[in-house]
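A.B. asks: I'd like to ask you about the structure that follows.
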Amino acid sequence: MGALKPWHIAVLVVVLILLFGAKRLPDAARSLGRSLRIIKAETKSLQDDDRDLAEKADAQAGYQPLPPHAGQQAQQPVVDPVHRVRDN
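Just so we're aligned: 78 in full-length UniProt numbering is position 78 of the sequence shown, and the numbers increase by one with no gaps anywhere.
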C-alpha cells in the first residue's frame, strides 16, 4: 500500500485519455510546460531583484567589512615616509 505500481500509472493514463481525449492531451501538456517556464522566469527575476536591493542597501548603509579573526593579524596602516617628512 502506498507504492505506485505500473498498473496504477496505466489506469491514470487511460482515465486522462478518456477525460480529455487524445487530441487535447498534447495541448494541455504544452500549456502546462509554458506555465512552468513563466513561473520559473518570474521567480528568477524576483530573486535577482531581491539580490539587487540587498546590494543597494549594503552600499547605502556604508557596508563595513568584518574585523579580522583572532588568528589573523590586523594590517597596519601604510605610512608614506615622504608625507611624514613634509609634516615636520
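A virtual CB, placed ideally from N, CA and C, is assigned to each residue, including glycine.
Does the separation of the CB atoms of THR25 and ILE17 fall below 8 Å?
C.D. replies: Here residue 25 is Leu; the residue named in the question, Thr, does not match the sequence. Against a cut-off of 8 Å, the Cβ pair of ILE17 and LEU25 comes out as a contact.
A.B. asks: Roughly how many angstroms lie between the CA atoms of ASP48 and VAL11, to the nearest whole one?
C.D. replies: Roughly 43 Å separates the two Cα atoms.
A.B. asks: If you draw a straight line from the C-alpha of LEU19 to the C-alpha of ASP27, how long is it?
C.D. replies: Taking the straight line from one Cα to the other gives about 14 Å.
A.B. asks: Could you tell me the boundaries of the alpha helix (DSSP H) in which VAL15 lies?
C.D. replies: Taken as a continuous stretch (DSSP letters only), the alpha helix (DSSP H) holding VAL15 covers 6 to 20.
A.B. asks: Suppose you measure from the CA of ILE39 to the CA of LYS23; what does that come to, to the nearest Å?
C.D. replies: Going from the Cα of ILE39 to the Cα of LYS23 covers about 26 Å.
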